[in-house]
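Peer 1: According to our numbering, the sequence shown is numbered sequentially starting from 520.
Where a beta carbon is used, it is the ideal one built from N, C-alpha and C, also for glycine.
Submitted below is the structure of interest, expressed as structure tokens.
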Amino acid sequence: MNTTEFAHASVAVELGSRSYEIAIGEGLLKEAGKRLRPLFKRPLTAIVTDSHVAGLHLEALRASLASAGIDSKPIVLPAGEATKSYRHLADTCDGLLAAGIERRDLVIALGGGVIGDLAGFAAAILRRGVDFIQIPTTLLAQVDSSVGGKTGINSAHGKNLIGAFHQPRAVLIDIALLDTLPGRELAAGYAEVAKYGLLGDAEFFAWLEANGASILSGDAQARIKAITRSCEMKARIVAEDETETGVRALLNLGHTFGHALEAATGYSSRLLHGEAVAIGMAQAFRFSEKLGLTPTGNAARVERHLRLAKLPTRLADLAGSLPEPRKLLEIMRQDKKAVAGKLTFILVHGVGEAFIARGVEEKDVLEFLAEEQAQA
Ligand SMILES: NC(=O)c1ccc[n+]([C@@H]2O[C@H](COP(=O)([O-])OP(=O)(O)OC[C@H]3O[C@@H](n4cnc5c(N)ncnc54)[C@H](O)[C@@H]3O)[C@@H](O)[C@H]2O)c1
Numbered sequence: 520m521n522t523t524e525f526a527h528a529s530v531a532v533e534l535g536s537r538s539y540e541i542a543i544g545e546g547l548l549k550e551a552g553k554r555l556r557p558l559f560k561r562p563l564t565a566i567v568t569d570s571h572v573a574g575l576h577l578e579a580l581r582a583s584l585a586s587a588g589i590d591s592k593p594i595v596l597p598a599g600e601a602t603k604s605y606r607h608l609a610d611t612c613d614g615l616l617a618a619g620i621e622r623r624d625l626v627i628a629l630g631g632g633v634i635g636d637l638a639g640f641a642a643a644i645l646r647r648g649v650d651f652i653q654i655p656t657t658l659l660a661q662v663d664s665s666v667g668g669k670t671g672i673n674s675a676h677g678k679n680l681i682g683a684f685h686q687p688r689a690v691l692i693d694i695a696l697l698d699t700l701p702g703r704e705l706a707a708g709y710a711e712v713a714k715y716g717l718l719g720d721a722e723f724f725a726w727l728e729a730n731g732a733s734i735l736s737g738d739a740q741a742r743i744k745a746i747t748r749s750c751e752m753k754a755r756i757v758a759e760d761e762t763e764t765g766v767r768a769l770l771n772l773g774h775t776f777g778h779a780l781e782a783a784t785g786y787s788s789r790l791l792h793g794e795a796v797a798i799g800m801a802q803a804f805r806f807s808e809k810l811g812l813t814p815t816g817n818a819a820r821v822e823r824h825l826r827l828a829k830l831p832t833r834l835a836d837l838a839g840s841l842p843e844p845r846k847l848l849e850i851m852r853q854d855k856k857a858v859a860g861k862l863t864f865i866l867v868h869g870v871g872e873a874f875i876a877r878g879v880e881e882k883d884v885l886e887f888l889a890e891e892q893a894q895a
């Protein structure tokens, strides 16, 4: 891990004519107008955001855009996962049309993963596709959801089942926005940072073990480095496999177990997405140990680090009851990562050595889940 100090960083997502830059730094929201102005064909935009973020950061963004001569119309949606719905998609599209957004205009998503996914999808289908810019405001969105072009909403059949690949034109990451983020949300985002080390960069994970506390307590340099390394890894994987036909699936480390828990807990505040991923990653390591794929001890190391960030790692960390193993398996089968009835998991040979395991035996999963529940 490069230890050079820097105040601003930039990561390129190389996708030919659709390549874009991720700018990372402290105080970038104030520079948004100046930085983004060259991307606008005419000085008008709509900002999609949620009610929490609107109260905290919307006016600063609008003022910065105004200082660069850009007029902005806000569309403020309710905060929370339930907003990723058909209803709010329709409201957003109608809001964008009412704001006068035309084919060659740009839409700005200002918020966490919920707003980025929804606004990006609205941009993908509005007038058969308009461009958009991501200004992510949660740690999870800054290291994961704002990069890579996966957009969408949820359906009664499951999460993220309706959507499109639509890459942003730019991503602007201001770490100062994290200062208003509740601690639990920050920790949930940190799970995705740890994920990059665990899936493919053992050196980065070791650096996180030494610096995780500084990242969580607000050290700007540590935050910029962690976010930059995370975005570099995501950008590299997306450039290699934009539509997830191969290596991009590694980003789902912890997600098959995690999604089942999210579904079982009703996508509620009982378990945040990043928290589900934390339990899921710990489970992926324990399951890999059980199958003899990785030496004993790695799972304990992963758990130790996630616990330092006050993240849950076991079913026992969840208050209330959970469905029995068979039901959890059923949810996993319905997950879009199940192909032809076979379960696909991201498993590990070690820290930084994740791989795609296709055709995992259901009986092994069931036995593992039963053991996990017995310990809960
Ligand atoms: N597209 C992708 O590749 C991808 C990847 C990972 C996750 N996701 C999606 O991301 C979503 C989760 O994103 P999230 O964790 O950012 O959730 P979120 O967008 O719901 O934000 C979490 C909470 O923090 C609040 N908030 C946001 N920024 C804030 C700030 N700066 N200060 C104070 N409060 C703030 C929000 O209002 C919300 O209440 C899920 O829907 C998940 O499916 C998408």
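Do you know how far the Cα of Glu-751 is from the Cα of Thr-522?
Peer 2: As a working note, residue 522 is residue 3 in the sequence shown. As a working note, residue 751 is residue 232 in the sequence shown. With a pLDDT of only 43 at Thr-522, under the threshold of 50, the placement of this residue in the model should not be trusted; the figure read from the coordinates follows. The straight-line gap from Cα to Cα measures roughly 15 Å.
Peer 1: I need the boundaries of the alpha helix (DSSP H) containing Gln-476, first residue and last residue.
Peer 2: The structure shown has nothing for residue 476, since the chain only spans 520 to 895.
Peer 1: Would you grab the beta carbon distance between Val-796 and Gly-777 for me? Rounded to a whole angstrom, and I think it's under 8 Å.
Peer 2: Within the sequence shown, the letter at position 277 stands for residue 796. Within the sequence shown, the letter at position 258 stands for residue 777. Going by Cβ atoms, the distance from Val-796 to Gly-777 rounds to 5 Å, so yes, they are a contact pair.
Peer 1: Just the Cα atoms here: how many angstroms apart are Gly-574 and Ala-642?
Peer 2: Looking up residue 574 in the sequence shown gives position 55. Looking up residue 642 in the sequence shown gives position 123. The straight-line gap from Cα to Cα measures roughly 23 Å.
Peer 1: What residues match up with Ala-689 in a beta bridge as DSSP calls it?
Peer 2: For the purposes of this step, residue 689 is taken as residue 170 along the sequence shown, with counting starting at 1. Glu-540 and Ile-652, per the DSSP bridge assignment.
Peer 1: Please say whether Leu-625 and Ile-644 have beta carbons closer to each other than 8 Å?
Peer 2: The sequence position of residue 644 within the sequence shown is 125, counting from 1. The sequence position of residue 625 within the sequence shown is 106, counting from 1. No, the pair does not count as a contact, with Cβ atoms beyond the cut-off.
Peer 1: By the DSSP assignment, the alpha helix (DSSP H) with Ser-807 in it spans what residues?
Peer 2: Stepping through the sequence shown from its first residue, residue 807 is reached at position 288. Per DSSP, Ser-807 belongs to the alpha helix (DSSP H) from 792 to 809.
Peer 1: When the distance is taken between beta carbons, is Leu-547 closer than 8 Å to Asp-693?
Peer 2: Stepping through the sequence shown from its first residue, residue 693 is reached at position 174. Stepping through the sequence shown from its first residue, residue 547 is reached at position 28. Yes; because the gap between Cβ atoms is below 8 Å, this pair is in contact.
Peer 1: Taking C-alpha atoms, which residue in Gly-773, Leu-772 and Leu-791 lies nearest to Glu-781?
Peer 2: If you number the sequence shown from 1, residue 781 lands on position 262. Selected option, being the one with the closest Cα: Leu-791.
Peer 1: Name the one or two DSSP bridge partners that Pro-593 has.
Peer 2: Start at 1 with the first residue of the sequence shown, and residue 593 comes out as number 74. Paired residues: Ile-566.
Peer 1: Exposed or buried, Glu-759, counting other C-beta atoms within 10 Å across all chains shown (16 or more means buried)?
Peer 2: Start at 1 with the first residue of the sequence shown, and residue 759 comes out as number 240. The residue is exposed, with fewer than 16 neighbouring Cβ atoms inside 10 Å.
Peer 1: So, is Glu-621 buried or exposed, given that buried needs 16 or more other C-beta atoms within 10 angstroms?
Peer 2: Along the sequence shown, read from residue 1 onward, the residue named residue 621 stands at position 102. Classification for Glu-621: exposed.
Peer 1: Using three-state DSSP, classify His-676 as helix, strand or coil.
Peer 2: For the purposes of this step, residue 676 is taken as the residue at position 157 of the sequence shown. Coil.
Peer 1: Of the choices Arg-755, Gly-677, Ala-779 and Gly-765, whose alpha-carbon is the least far from that of Ser-604?
Peer 2: Along the sequence shown, read from residue 1 onward, the residue named residue 604 stands at position 85. Residue Gly-677 is the option with its Cα nearest to Ser-604.
Peer 1: Would you mind giving the Cβ-Cβ distance between Gly-552 and Leu-584, rounded to the nearest angstrom? I have them listed as a contact below 8 Å.
Peer 2: As a first step, residue 552 is located in the sequence shown; it is residue number 33 there, counting from the start. As a first step, residue 584 is located in the sequence shown; it is residue number 65 there, counting from the start. Confirmed, about 5 Å.
Peer 1: With a threshold of 7 Å (Cβ to nearest heavy atom), would His-896 be considered close to ligand 1?
Peer 2: Past the edges of the chain, shown from 520 to 895, lies residue 896, and the structure says nothing about it.
Peer 1: Can you tell me the Cβ-Cβ gap for Gly-731 and Leu-580, rounded? I've got them flagged as a contact below 8 Å.
Peer 2: As a working mapping, residue 731 is identified with position 212 in the sequence shown. As a working mapping, residue 580 is identified with position 61 in the sequence shown. Gly-731 to Leu-580, Cβ: 30 Å. No contact.
Peer 1: Shorter than 7 Å, the distance from the beta carbon of Asp-590 to the closest heavy atom of ligand 1, or not?
Peer 2: Numbered from its first residue, the sequence shown carries residue 590 at position 71. Outside the cutoff, so no.
Peer 1: Using DSSP bridges, identify the partner residues of Gly-869.
Peer 2: As a working mapping, residue 869 is identified with position 350 in the sequence shown. DSSP, once it has assigned bridges, lists Glu-872 as partnering Gly-869.
Peer 1: Considering only residues of the same chain and omitting the five flanking positions on each side of Ile-661, which have a CB-CB separation below 6 Å?
Peer 2: Position 142 of the sequence shown holds residue 661. The displayed chain sequence assigns Gln, not Ile, to residue 661. Within the same chain, Gln-661 has close Cβ partners Pro-655, Ile-692 and Ile-746.
Peer 1: Could you tell me the distance, in whole angstroms, from the CA atom of Lys-669 to the CA atom of Thr-602?
Peer 2: Numbered from 1 along the sequence shown, position 150 holds the residue referred to as residue 669. Numbered from 1 along the sequence shown, position 83 holds the residue referred to as residue 602. For Lys-669 and Thr-602, the distance between alpha carbons rounds to 17 Å.
Peer 1: In the DSSP assignment, find the unbroken alpha helix (DSSP H) run with Leu-637 in it and report its ends.
Peer 2: Here residue 637 refers to the residue found at position 118 when the sequence shown is read from its first residue. Looking at the DSSP string, the run of the alpha helix (DSSP H) that includes Leu-637 is 632 to 644.
Peer 1: Taking Tyr-786 as the reference, give the member of Arg-805, Asp-663, Glu-600 and Glu-728 with the closest Cα.
Peer 2: As a first step, residue 786 is located in the sequence shown; it is residue number 267 there, counting from the start. Tyr-786 has its Cα closest to that of Glu-600, out of Arg-805, Asp-663, Glu-600 and Glu-728.
Peer 1: When you compare only the Cα positions, how much space is there between Glu-761 and Arg-537?
Peer 2: Sequence index remark: in the sequence shown, residue 761 carries index 242 (1-based). Sequence index remark: in the sequence shown, residue 537 carries index 18 (1-based). C-alpha separation (whole angstroms): 11 Å.
Peer 1: For Gly-599, which of helix, strand or coil comes out of DSSP?
Peer 2: Within the sequence shown, numbered from 1, the residue matching residue 599 stands at position 80. Looking at Gly-599 - three-state DSSP - the assignment turns out to be coil, as it is neither helix nor strand.
Peer 1: Can Ser-665 and Val-690 be called in contact, C-beta distance under 8 Å?
Peer 2: What you label residue 665 is simply residue 146 of the sequence shown in a count that begins at 1. What you label residue 690 is simply residue 171 of the sequence shown in a count that begins at 1. Closer than 8 Å, so yes.
Peer 1: What is the C-beta distance between Leu-615 and Ala-565, in whole angstroms, given that I count them as a contact (C-beta under 8 Å)?
Peer 2: Within the sequence shown, residue 615 is the residue found at index 96, counting from 1. Within the sequence shown, residue 565 is the residue found at index 46, counting from 1. At roughly 5 Å, the Cβ-Cβ gap stays under 8 Å, so Leu-615 and Ala-565 are in contact.
Peer 1: Could you give the residue range of the alpha helix (DSSP H) that holds Val-532?
Peer 2: Position 13 of the sequence shown, counting from 1, holds the residue named residue 532. No alpha helix (DSSP H) holds Val-532; the beta strand (DSSP E) holding it covers 527 to 532.
Peer 1: Under the three-state reduction of DSSP, which class applies to Leu-780: helix, strand or coil?
Peer 2: The residue given as residue 780 occupies position 261 in the sequence shown. The answer is helix: DSSP assigns Leu-780 an H, G or I state.
Peer 1: When DSSP builds the beta bridges, which residues end up paired with Ala-628?
Peer 2: Walking along the sequence shown from the start, residue 628 turns up at place 109. The partner list for Ala-628 (beta bridge, DSSP) reads Val-567 and Gln-653.
Peer 1: May I ask which residues mark the beginning and end of the alpha helix (DSSP H) holding Arg-606?
Peer 2: Here residue 606 refers to the residue found at position 87 of the sequence shown. Start and end: 605 to 617.
Peer 1: Between Arg-805 and Leu-596, what straight-line distance do the alpha-carbon atoms span, to the nearest angstrom?
Peer 2: Taking the sequence shown and counting its residues from 1, one reaches residue 805 at position 286. Taking the sequence shown and counting its residues from 1, one reaches residue 596 at position 77. The alpha-carbon atoms of Arg-805 and Leu-596 are separated by roughly 39 Å.
Peer 1: Whose CA, out of Leu-812, Asp-738, Arg-789 and Leu-717, lies closest to the CA of Leu-769?
Peer 2: As a first step, residue 769 must be located in the sequence shown, where it is residue number 250. When each option's Cα is compared against that of Leu-769, the closest is Leu-717.
Peer 1: Taking the alpha-carbon of Asp-569 as reference, which of Gly-588, Leu-658 and Ala-598 has the nearest alpha-carbon?
Peer 2: Taking the first residue of the sequence shown as 1, we reach residue 569 at position 50. If we check each option's Cα against that of Asp-569, Ala-598 comes out closest.
Peer 1: Starting from Arg-823, trace the alpha helix (DSSP H) both ways and give me its first and last residue.
Peer 2: Here residue 823 is taken as the residue at index 304 of the sequence shown, counted from 1. That run of the alpha helix (DSSP H) goes 817 to 827.
Peer 1: Going along the chain, which residues of its own chain have a beta-carbon closer than 6 Å to the beta-carbon of Ala-710, five neighbours each way excluded?
Peer 2: What you label residue 710 is simply residue 191 of the sequence shown in a count that begins at 1. Same-chain partners within the cutoff: Gly-793, Val-796, Ala-797 and Leu-830.
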